[in-house]
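Chemist:
Residue numbers (the numbering used here): 769 to 1415.
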């Protein structure tokens, strides 16, 4: 299948609609108090189709559980003309906002679809322009959708859901002039006063959304490479999706998956394991604040009764839930927290949260089986596929957490450093002896004792720096048994795929040093997600969830670049190793705006075309100056990594 979309201006996607081309897609956009999954498309006649699944995370329903966010599906025609004639779509554009351009005779309609950044409102704004030579009477659509919910079904009583038209309904439009028409899809408690917006406030909302998008795409963490736009653009888009899904709740900011079902809640895998190691590099952002808040929430579940951590903390932090027992949630939280604290480099925060890391690792140690690997009831897929009594993922996460814990003890002067080092060394040996196996002809890992088929999560040791079986594992991951056009199957012979597995795989294969194969598959995956039939972000899964744009998968995409291609791994406060994996046809690449230990720095990797010498330049930004003098590190022959110390 060819590309449906093209890149324009380095940060925008464009779909030029052709006559007879029928297609639908969906995309999620989020603000602090609203999220909207917009299904958009065209018929064969070029007519626009729109529906909106709008969610208000802080308006809670009864039961106030994982899915207890108020939501409503608006299916009406929305903003625009009511002429009875065909309004034919010419173009869609995506840049954190959905833009639609259509033509009806000499009337041109430009629409912007977007959520408010801090109000419980999703907007559709239309500007209708007369491109002809005579005045035209126009009539715009008047929505009638909405409801008042039962007070018995709302945590705060009844809620008012409506679609409010803004600006004029009937206008006589002279040549060259334009009219504004918009709809605000909103919800409020029935006890609250109704708020009204005028056209100036509406345009201010659009400007604020544009500013947020621009800051994420152009002003935050930036990745540049020499030969193609696809990877940098999807990196920028993924950073936006990962960080926008942060909601303001009664217990502070909470990063949540989204997808129409998962709001005002955190998960040990999505928010901790997948997203936290990236958000540590975005200090000062809402995403960073939400991550600290999440770890503080999990700290409250430490106990002396050997009860595992909950898989999720839900309902604005007021309740919790566990899916099919222990998924290895303590291992997930420990892994994420160790890396997060090392990158943050804040002694006070580390002292506050280290007890949670310590508790998780002691829980894991108590749950070692006789062969010395960590037991759990399931894994992150919660029993959708068999995991035995001890799975590879839980033990690999625990191993990395032990490595980080040793480093943190060294920084904080804690006596447990040698204990964690011995445990990590022992666990790595036990992972090899317990899970190492020939599976379907590949020298790789069995996912659990008795597993005789290949599983996607055999990639996890590669992401933790365990490379003893790298060659056979990479062969298995890219074999016909597992790899598809959409990435990894969950298990050999099954069509189900989850992007989280694919993205961990790609990060791990880069880290293992098999750069050519990693890069070939990363480019193919990225092109499909950015320019194909379902864009513009990584997805959750298929068939489950119909490829929802869950936010943490986008964080995993960014980590393929940060930890896979650049090979960054924190080793202390202000200390990192860098193992650059330059693809063969690249001689330079850079990451700008990284943050560690309250320091912002830029990292550039160069390879001399003739001598093949690789250098890593680190430029710290200090005060009002753009940057301090650049440190240059050279990789010696046969050397793969360098150690960076920030001052």
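All C-beta atoms in this analysis are idealised placements derived from N, C-alpha and C, irrespective of residue type, glycine included.
Remember, predicted model here, so these are calculated numbers, not experimental data.
Skipping 5 residues on each side, what residues in its chain have a beta carbon closer than 7 Å to that of residue 1271?
Modeler: On the chain shown, residue 1271 is found 503 positions in, with the first residue counted as 1. For residue 1271, where only same-chain residues beyond five positions count, the Cβ hits under 7 Å are 1306, 1321, 1324, 1325 and 1328.
Chemist: Thinking C-alpha only, which one of 1099, 1042 and 1131 is nearest residue 1073?
Modeler: By one-based count along the chain shown, residue 1073 stands at place 305. If we check each option's Cα against that of residue 1073, 1131 comes out closest.
Chemist: Taking DSSP's pairing of strands, which residues face residue 1015 in a bridge?
Modeler: Counted from its first residue, the chain shown places residue 1015 at position 247. 1022, per the DSSP bridge assignment.
Chemist: Return the first residue and the last residue of the alpha helix (DSSP H) that residue 1179 is part of.
Modeler: The residue given as residue 1179 occupies position 411 in the chain shown. Per DSSP, residue 1179 belongs to the alpha helix (DSSP H) from 1160-1180.
Chemist: Check residue 1356 in the structure and name its three-state DSSP category.
Modeler: Residue 1356 sits at position 588 when you count from the first residue of the chain shown. Looking at residue 1356 - three-state DSSP - the assignment turns out to be strand.
Chemist: Which first and last residues belong to the alpha helix (DSSP H) in which residue 1293 is found?
Modeler: What you label residue 1293 is simply residue 525 of the chain shown in a count that begins at 1. Here the alpha helix (DSSP H) through residue 1293 covers 1283-1299.
Chemist: For the structure I just gave you, are there three or more beta carbon pairs, one from the segment 920-928 and one from the segment 887-896, closer than 8 Å?
Modeler: As far as the Cβ criterion goes, the segment 920-928 does not touch the segment 887-896, which means the pair count is below three.
Chemist: So, at 6 Å on beta carbons, what are the nonlocal neighbours of residue 956 in its own chain, with the 5 sequence-adjacent residues on each side left out?
Modeler: Taking the first residue of the chain shown as 1, we reach residue 956 at position 188. Cβ within range, chain order: 928.
Chemist: Roughly how many angstroms separate the alpha carbons of residue 825 and residue 1317, rounded to a whole number?
Modeler: As a position in the chain shown, residue 825 is number 57, starting the count at 1. As a position in the chain shown, residue 1317 is number 549, starting the count at 1. Going by the C-alpha atoms only, they are around 17 Å apart.
Chemist: Excluding the five sequence neighbours on either side, which residues of its own chain have a C-beta within less than 7 Å of the C-beta of residue 1093, listed in chain order?
Modeler: Here residue 1093 corresponds to residue number 325 of the chain shown, with the count starting at 1. Same-chain partners within the cutoff: 1145 and 1146.
Chemist: Start and end of the beta strand (DSSP E) containing residue 1367?
Modeler: Residue mapping note: residue 1367 aligns to position 599 of the chain shown, counting from 1. Segment 1367-1375, the beta strand (DSSP E) holding residue 1367.
Chemist: Could you tell me the distance, in whole angstroms, from the CA atom of residue 864 to the CA atom of residue 1352?
Modeler: Within the chain shown, numbered from 1, the residue matching residue 864 stands at position 96. Within the chain shown, numbered from 1, the residue matching residue 1352 stands at position 584. So the alpha carbons of these two residues sit roughly 32 Å apart.
Chemist: Could you say if the segment 1146-1164 and the segment 1115-1128 meet the contact criterion of at least three C-beta pairs nearer than 8 Å?
Modeler: Result no; under three Cβ-Cβ pairs closer than 8 Å.
Chemist: Could you say if the segment 1008-1021 and the segment 1053-1067 meet the contact criterion of at least three C-beta pairs nearer than 8 Å?
Modeler: The answer is yes - the segment 1053-1067 touches the segment 1008-1021, with three or more Cβ pairs under 8 Å.
Chemist: Measure the alpha-carbon distance for residue 1159 versus residue 785 and round it to whole angstroms.
Modeler: Taking the first residue of the chain shown as position 1, residue 1159 is located at position 391. Taking the first residue of the chain shown as position 1, residue 785 is located at position 17. When rounded, the distance between both Cα atoms is 48 Å.
Chemist: Between the C-alpha atoms of residue 1361 and residue 1355, what's the straight-line distance to the nearest angstrom?
Modeler: Within the chain shown, the letter at position 593 stands for residue 1361. Within the chain shown, the letter at position 587 stands for residue 1355. Their Cα atoms are separated by approximately 21 Å.
Chemist: Any contact between the segment 1164-1176 and the segment 1094-1110? By contact I mean 3 or more CB pairs, one from each, below 8 Å.
Modeler: The answer is yes - the segment 1094-1110 touches the segment 1164-1176, with three or more Cβ pairs under 8 Å.
Chemist: Determine, using beta carbons only, whether residue 970 and residue 947 come nearer to each other than 7 Å.
Modeler: Counted from its first residue, the chain shown places residue 970 at position 202. Counted from its first residue, the chain shown places residue 947 at position 179. Against a cut-off of 7 Å, the Cβ pair of residue 947 and residue 970 comes out as no contact.
Chemist: What's the call for residue 1168, buried or exposed, on a 16-neighbour Cβ count within 10 Å?
Modeler: Residue mapping note: residue 1168 aligns to position 400 of the chain shown, counting from 1. Residue 1168 should be labelled buried.
Chemist: Whose C-alpha, out of 945, 789 and 797, is nearest the C-alpha of residue 1303?
Modeler: Taking the first residue of the chain shown as position 1, residue 1303 is located at position 535. Minimum Cα distance to residue 1303 is reached at 797.
Chemist: Mind checking residue 1037: buried by the 16 CB within 10 Å criterion, or exposed?
Modeler: Within the chain shown, the letter at position 269 stands for residue 1037. Per the 10 Å Cβ criterion, buried.
Chemist: Under 7 Å Cβ to Cβ from residue 1242, same chain only, skipping five residues before and after it: list those, please.
Modeler: Translated into positions along the chain shown, residue 1242 becomes position 474. Cβ neighbours of residue 1242 beyond the five flanking positions: 1277, 1280, 1282 and 1285.
Chemist: Going by DSSP, name the residue or residues bridged to residue 894.
Modeler: Taking the first residue of the chain shown as 1, we reach residue 894 at position 126. Partner(s): 879 and 949.
Chemist: Note down, in chain order, each residue of its chain lying with its Cβ closer than 7 Å to the Cβ of residue 993, except the 5 sequence neighbours on either side.
Modeler: Your numbering for residue 993 matches position 225 in the chain shown. These residues qualify, in order along the chain: 999, 1000, 1354 and 1357.
Chemist: Only counting the same chain, and skipping five residues up and downstream in sequence, which positions put a Cβ closer than 6 Å to that of residue 1384?
Modeler: As a position in the chain shown, residue 1384 is number 616, starting the count at 1. The residues are 1346, 1373, 1401 and 1410.
Chemist: Is the CB-CB distance between residue 835 and residue 1029 below 7 Å?
Modeler: Taking the chain shown and counting its residues from 1, one reaches residue 835 at position 67. Taking the chain shown and counting its residues from 1, one reaches residue 1029 at position 261. Yes, they are a contact pair.
Chemist: Following the continuous alpha helix (DSSP H) through residue 979, name the residue where it begins and the one where it ends.
Modeler: Taking the first residue of the chain shown as position 1, residue 979 is located at position 211. Unbroken alpha helix (DSSP H) run through residue 979: 967-982.
Chemist: Check each candidate in 1097, 988, 1252 and 1051 and name the one with the smallest Cα separation from residue 1039.
Modeler: Working through the chain shown from its first residue, we reach residue 1039 at position 271. Minimum Cα distance to residue 1039 is reached at 1097.
Chemist: Assess contact between the segment 959-966 and the segment 974-985, defined as three or more Cβ pairs (one per stretch) separated by less than 8 Å. Is contact present?
Modeler: No, they do not touch.
Chemist: Return the residue from the list 1340, 781 and 1389 that minimises the CA-CA distance to residue 1110.
Modeler: Within the chain shown, residue 1110 is the residue found at index 342, counting from 1. Residue 1110 has its Cα closest to that of 1340, out of 1340, 781 and 1389.
Chemist: Could you pull out every residue in the same chain whose Cβ sits closer than 8 Å to the Cβ of residue 962, ignoring the five residues on either side in sequence?
Modeler: As a working mapping, residue 962 is identified with position 194 in the chain shown. Here the set comprises 928 and 956.
Chemist: Which two residues bound the contiguous beta strand (DSSP E) that contains residue 1087?
Modeler: Numbered from its first residue, the chain shown carries residue 1087 at position 319. Note, residue 1087: beta strand (DSSP E), 1087-1089.
Chemist: DSSP three-state call for residue 1346: helix, strand or coil?
Modeler: Numbered from its first residue, the chain shown carries residue 1346 at position 578. Note: residue 1346 maps to strand in three-state DSSP.
Chemist: Within 10 angstroms of the Cβ of residue 1041, are there 16 or more other Cβ atoms? Answer buried if so, exposed if not.
Modeler: Here residue 1041 refers to the residue found at position 273 of the chain shown. Residue 1041 should be labelled buried.
Chemist: Since residue 902 and residue 933 are thought to touch, with beta carbons under 8 Å apart, how far apart are those beta carbons, to the nearest angstrom?
Modeler: Working through the chain shown from its first residue, we reach residue 902 at position 134. Working through the chain shown from its first residue, we reach residue 933 at position 165. Wrong, their Cβ atoms sit about 26 Å apart, outside the cutoff.
Chemist: If you draw a straight line from the alpha carbon of residue 843 to that of residue 818, how long is it in whole angstroms?
Modeler: Sequence index remark: in the chain shown, residue 843 carries index 75 (1-based). Sequence index remark: in the chain shown, residue 818 carries index 50 (1-based). One C-alpha to the other measures close to 7 Å.
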